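Comments concern the structure below.
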Amino acid sequence: MPGVYDQDNTAERASAGVDQADEVRRYAEAIVDAMRQPALVLNEDLRVEIANRAFYRIFQVDQADITGRLIYELGNRQWDIGELRKLLEEILPNNGSVDEFRVEREFERIGRRVMILNARRLERVDRRPAIFLTIDDITEREDTRWLLEAEKEYAEKVVDASRDALLILGWDHRVRTANETFYKTFKVDPSATEGRMVYELGNGQWDIPELRDLLENVLPDNDAFDDFEVEHDFEDLGHRIMVLNARRVDHTQLILLAIEDQTEARRAERARRESEARMASMMQHAPIGIGLIDREGRWVMQNPLLERLSSGLIPFRDSDQTSRWHPADKSDPENWPGSRALRGEIVAPGVDFRTEVDGQERWLRISAAPVQGSKEVDHAVVIAEDITEDKRGQEERELLLAELNHRVKNLFGVIRSLVTQGSGGAEVEQYKNTLIGRLDALVRAHTLVIESRWGSFDLTTLAERTLEPSATRRAAAIQIRGEPLPLEARHAVSLSLILHELATNSVKYGALSAAEGRIGLTWRIVQDSADSRAELAWQESGGPPVRAPKRRGFGTTLIERAFAYDLQGGAEIEFPPEGLRARAWFSIS
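Its first residue numbered 42, the sequence shown is counted upward by one per residue in this note's numbering.
This is the structure:
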């Protein structure tokens with residue numbers, strides 16, 4: 042039986058043991074509370090005994106809402122997580138500890154969190170067992186890893202999808218990798234590329250002096266180079282033109298080398314320039330006007346001829362979007378060939394328009410065709426042909442036919458008149474000669490008209506040809522003087538017959554029947570506000586004395602009627618003794 046001393050010593054040891062346990066518990070609680078990662082101590086019923094400050098801070102909860110509560114009820118049951126139940130109720134009782142158990146959860150306040158749970162079952166001497174649960178929030182780490190993986194995948198996709206050939210080199214200029222474009226463009230395999238010096242690729246074909254200089258001298262000092270052009274002849278590929286760009290990636294000690302094969306682009310560009318030069322030359326020298334208009338009616342392009350021809354004819358849009366149209370055209374501008382082409386219609390062979398170019402009336406034939414864009418017609422090609430000469434030729438032909446028809450009718454009328462008038466009581470031979478002379482005068486007049494292509498001719502020419510037969514022996518006996526006087530075809534027959542009659546009468550009875558006889562034919566142009574007319578004067582001298590005829594002859598009747606009816610004028614004939622005198626006038630308006 043122990044003594045008093047022994048009893049007092051046992052009580053003292055018990056008290057000391059309790060104090061020591063409390064101290065250990067307080068020490069453990071302090072450690073838990075000081076941890077940077079959230080931690081919970083649960084009792085055997087999974088109710089919270091202790092939560093550290095990291096838990097309160099990270100999951101934004103209050104101590105009053107945690108202590109003593111079932112873990113699944115925390116945060117309005119946000120901790121009722123299937124994986125957590127599995128860990129606490131199934132795995133931990135059988136194993137005593139759980140490591141690296143991954144759990145994901147969407148929390149109301151803090152959003153999605155990714156957590157790694159570690160749990161230990163604690164046996165306590167004086168109390169029921171407990172569970173120590175640490176929660177490592179790896180959300181940011183997971184997001185960062187995901188971003189890094191995404192960036193890596195993105196970079197790999199960019200490299201692989203690049204249309205330019207890409208080489209990734211180490212700082213020792215050995216190939217780490219290349220994209221598919223490089224392999225296809227330069228016809229090499231990955232096995233013969235990766236791990237080799239870039240200068241060894243393609244059986245040494247990449248040992249290009251310019252490339253060596255860029256990688257060994259330029260890049261180390263500048264960290265980059267751009268748009269450096271290199272030309273090289275490859276055995277299998279032939280002559281290539283390459284544009285090189287490079288970047289040093291210092292923290293990974295890599296070099297990104299982009300190789301843009303410009304060979305085909307340069308060929309295409311050269312072909313395009315040659316094509317444009319040919320097109321420009323064709324446009325410059327084309328005998329027709331060629332242009333391109335957009336949907337707003339604005340000229341995108343015109344060749345020089347169209348610029349000259351289109352002035353004042355082809356509509357365009359002002360800033361206020363109002364159409365302008367040549368006033369001579371009476372049709373709706375929407376029916377202009379360019380507008381119709383913009384609506385998808387091909388206008389061929391074209392529409393004729395009358396306009397003024399360089400102060401002269403011109404005729405243009407406008408054709409147009411639509412130019413199809415990606416979805417709809419967005420331009421129209423306009424072609425303008427100068428058909429002025431064709432129009433004039435057509436008008437001349439129509440005029441010539443009408444004039445010929447009129448003249449033939451008149452000619453038959455004149456011939457009929459000549460035949461029916463006769464020569465009074467002259468003998469048949471004399472009548473024949475008279476008629477032939479008059480017909481010859483008609484032939485000369487019509488010859489002159491034909492030579493002028495039914496255009497204008499000068500009165501001097503008509504007078505010389507008509508009077509020539511009468512002056513064959515004495516050319517100096519006939520003096521012809523007058524200012525230039527252009528005549529039309531309608532004047533020819535009448536004037537020719539009148540001059541022929543005057544000359545024939547002079548040869549028979551007047552000045553040309555005597556050796557010293559003379560004839561003077563003069564004219565002048567008189568203009569007034571109402572009309573323009575020509576005044577002619579026929580004066581004979583040096584012939585036998587003249588006596589007025591007892592009756593009106595055919596010549597006098599012909600002269601008076603011709604001037605009065607055919608030429609819209611008049612005539613007066615006088616017979617003084619010194620020589621026949623005739624004065625006449627006719628309209629030349």
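Beta carbons: idealized from backbone N, C-alpha and C, even for Gly.
If you're wondering where the values come from, they're calculated on a predicted model, not measured in any experiment.
- If you draw a straight line from the Cα of E221 to the Cα of D213, it comes to about 22 Å.
- Minimum Cα-Cα distance from F269 among the listed residues M76, V284, P261 corresponds to V284.
- Residue burial is scored here from C-beta neighbours: S511 has at least 16 other C-beta atoms within 10 angstroms and is therefore classed as buried.
- Secondary structure of D140 (DSSP, three-state): strand.
- Shortest Cα-Cα distance from P585 to any of D393, D103, A556 involves A556.
- E601 is positioned such that its CB atom lies closer than 7 Å to that of A612.
- The shortest C-alpha to C-alpha distance from R168 to any of G391, G245, E90, D205 is the one to E90.
- Our two residues, M324 and D291, have alpha carbons roughly 56 Å apart in a direct line.
- Sequence-distant partners of F266 (beyond 5 residues in either direction) whose C-beta falls short of 8 Å from its own C-beta, in its chain, are L255, V259, L260, L285, N286, A287.
- Apart from the 5 residues on each side of it in sequence, R406 sits with its Cβ closer than 6 Å to the Cβ of G391, D393, E426, I428 in its chain, given in chain order.
- Counted as a single uninterrupted DSSP element, the alpha helix (DSSP H) harbouring M323 occupies residues 304 to 326.
- With a 10 Å radius around the Cβ and a threshold of 16 neighbouring Cβ atoms, H532 comes out buried.
- When secondary structure is reduced to three states using DSSP, D431 falls in the helix class.
- Within the segment 86 to 120, the runs of beta strand (DSSP E) at least 3 residues long that lie entirely inside it are, in chain order, 89 to 92.
- Under the 10 Å beta carbon count, W187 is surrounded by fewer than 16 other beta carbons and is classified as exposed.
- By the Cβ rule, the segment 396 to 412 counts as touching the segment 375 to 387, because three or more pairs are nearer than 8 Å.
- Within the DSSP secondary-structure output, E613 pairs in a beta bridge with R624.
- The three-state reading of DSSP puts E375 in helix, counting H, G and I together.
- With respect to the 7 Å criterion, A327 and A382 are not classified as neighbours on the basis of their beta carbons.
- When only Cα atoms are considered, I329 and G379 end up about 16 Å apart.
- For R94, the CB contacts under 7 Å within the same chain, skipping 5 residues up- and downstream, are D74 in chain order.
- Given a length threshold of 3 residues, each whole run of the beta strand (DSSP E) inside the segment 213 to 283 is given here in chain order: 216 to 219, 265 to 275.
- Counting only residues of its own chain and dropping the five nearest sequence neighbours on each side, M320 has no CB closer than 6 Å to any other CB.
- Taking W247 as the centre and dropping the five residues before and after it, the same chain places the C-beta of V239, Y240, E241 closer than 8 Å to its C-beta, in chain order.
- Distance between I107 and D121, taken at the CA atoms: about 14 Å.
- A check of alpha carbon separations from L128 across Q119, N117, D140, R118 identifies D140 as the nearest.
- Under a 10 Å Cβ-count criterion, A92 is classified as buried, with 16 or more other Cβ atoms of the shown protein chains found around its own Cβ.
- In the DSSP assignment, T396 falls within the unbroken beta strand (DSSP E) covering 388 to 398.
- Remark: C-beta atoms of I539 and A552 do not approach each other more closely than 7 Å.
- Closest in C-alpha terms to T501, from the list A517, A516, A518, E524, comes E524.
- With respect to the 7 Å criterion, L111 and R88 are classified as neighbours on the basis of their beta carbons.
- Sorting A191, L158, F604, P170 by C-alpha distance to the C-alpha of D178 places L158 at the top.
- The distance from the Cβ of V229 to that of G245 is about 13 Å, inconsistent with a contact at the 8 Å cut-off.
- R150 has its alpha-carbon roughly 27 Å from the corresponding atom of E130.
- In this structure, H273 sits near I249, with a CB-CB distance shorter than 7 Å.
- In the displayed model, S573 falls within a strand according to three-state DSSP.
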